[in-house]
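Numbering (our numbering), first residue to last: 305 to 623.
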């Protein structure tokens, strides 16, 4: 019975989505699904309570902002069996880890409308307010662990390309893996990897994009696309475009030459090189002028003595 109810809800969402903002009567939905109008009403009520933007009108029901729905059936056919959508999760990273260990295919995507325990780098809390795009990529590359770093750079590079293409905004990448818009944080990325022997078993990349949401008041250095564009935009279109661009960038075999090419492109999009920075690790703080990112993804900093330091990981702040 639970599965049947779930299927009915999905079929109702499909019908409302395909109506593209037009009203569908309860009678029509009951005929399509072969259930009573009372059953339709109950399923609609449950969908509303789950957070779906469905409005009841005199002539029936309408899905508000259908282009923002992120259910699998909303995407291109090639993506549909790789999309895992949830209204609420503790963390897309935790769910992705479970799915990666249970046969989720390469390039799967775990999406949550809300995360109750979302996290950023170094286990910082990540606020996931309604209207943002919160997801984790599941990657199962045939890649040795020493080359796995390149997927983080490929992800931030791809997303910057996608947003520029869609909205003509000057998004810049910040080492190691944030995206800035007008100097403020638009996107954060987080990665976790498990290996088996000398190969990557799976690599999960969590991505949080401030799209139509209002960043928290205690995030003064954060910004959303809506803040800049002064209108809501399609989260589905952003994710679909990003997945296409990401697949294109990682499609050549990931070997040394491919890594060098990705890093070269990434450096053309960064605002970190040439900027005074402070990098915090779990145990140290490094300050100086960011002068380069080498082919392994390490940040090269010139300190006040002129010495070059190679930083492999850490949180980077432009000062």
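We put the beta carbon where it would ideally sit given N, CA and C, even for glycine.
Here the structure is a predicted model, which means the values were calculated and not measured.
At what residues does the alpha helix (DSSP H) containing residue i begin and finish?
| i | result |
| --- | --- |
| residue 397 | 396-404 |
| residue 567 | 560-572 |
| residue 447 | Element bounds for residue 447: n/a, residue is neither H nor E. |
| residue 347 | 341-354 |
| residue 581 | Residue 581 -> not in any alpha helix (DSSP H); beta strand (DSSP E) instead, spanning 580-584. |
| residue 531 | 529-533 |
If distances are taken between C-alpha atoms only, which option among the options comes closest to residue i?
| i | options | result |
| --- | --- | --- |
| residue 595 | 609, 579 and 584 | 579 |
| residue 553 | 540, 567 and 376 | 567 |
| residue 392 | 419, 530, 401 and 525 | 419 |
| residue 473 | 500, 415 and 533 | 533 |
| residue 576 | 354, 396 and 602 | 602 |
Using the Cβ count rule (16 or more neighbours within 10 Å means buried), how would you classify residue i?
| i | result |
| --- | --- |
| residue 618 | buried |
| residue 370 | buried |
| residue 398 | buried |
| residue 308 | Note that residue 308 has pLDDT 45, beneath the 50 cutoff, so the model's placement of it is unreliable and no number is given. |
| residue 422 | buried |
| residue 432 | buried |
| residue 364 | buried |
| residue 585 | exposed |
| residue 305 | Residue confidence for residue 305 is low, a pLDDT of 31 falling below 50, so the modelled location carries little weight and cannot support an answer. |
| residue 609 | exposed |
| residue 517 | buried |
| residue 528 | buried |
| residue 342 | exposed |
Sort out for me which residues DSSP pairs residue i with in a bridge.
| i | result |
| --- | --- |
| residue 604 | 596 and 614 |
| residue 365 | 328 and 360 |
| residue 545 | Bridge partners of residue 545: none, in fact. |
| residue 388 | 414 |
| residue 492 | 512 |
| residue 478 | 482 |
| residue 497 | 507 |
| residue 620 | 583 |
| residue 393 | 419 |
Starting from residue i, trace the beta strand (DSSP E) in both directions and tell me its first and last residue.
| i | result |
| --- | --- |
| residue 416 | 412-419 |
| residue 468 | First-last for residue 468: 453-471, but that is the alpha helix (DSSP H), not the beta strand (DSSP E). |
Could you say if the region 458-465 and the region 398-412 meet the contact criterion of at least three C-beta pairs nearer than 8 Å? Segments in contact, no.
Would you call the region 411-423 in contact with the region 433-445, where contact means no fewer than 3 C-beta pairs closer than 8 Å? Taking a cut-off of 8 Å for Cβ pairs, the region 411-423 and the region 433-445 touch, as three or more such pairs fall below it.
With a cut-off of 8 Å, do at least 3 Cβ pairs link the region 476-493 to the region 596-615? Taking one beta carbon from each stretch, the region 476-493 and the region 596-615 have 3 or more pairs nearer than 8 Å; the two touch.
Three-pair Cβ contact test at 8 Å for the region 372-380 versus the region 538-553: With a cut-off of 8 Å, the region 538-553 and the region 372-380 count as touching, because enough Cβ pairs lie within range.
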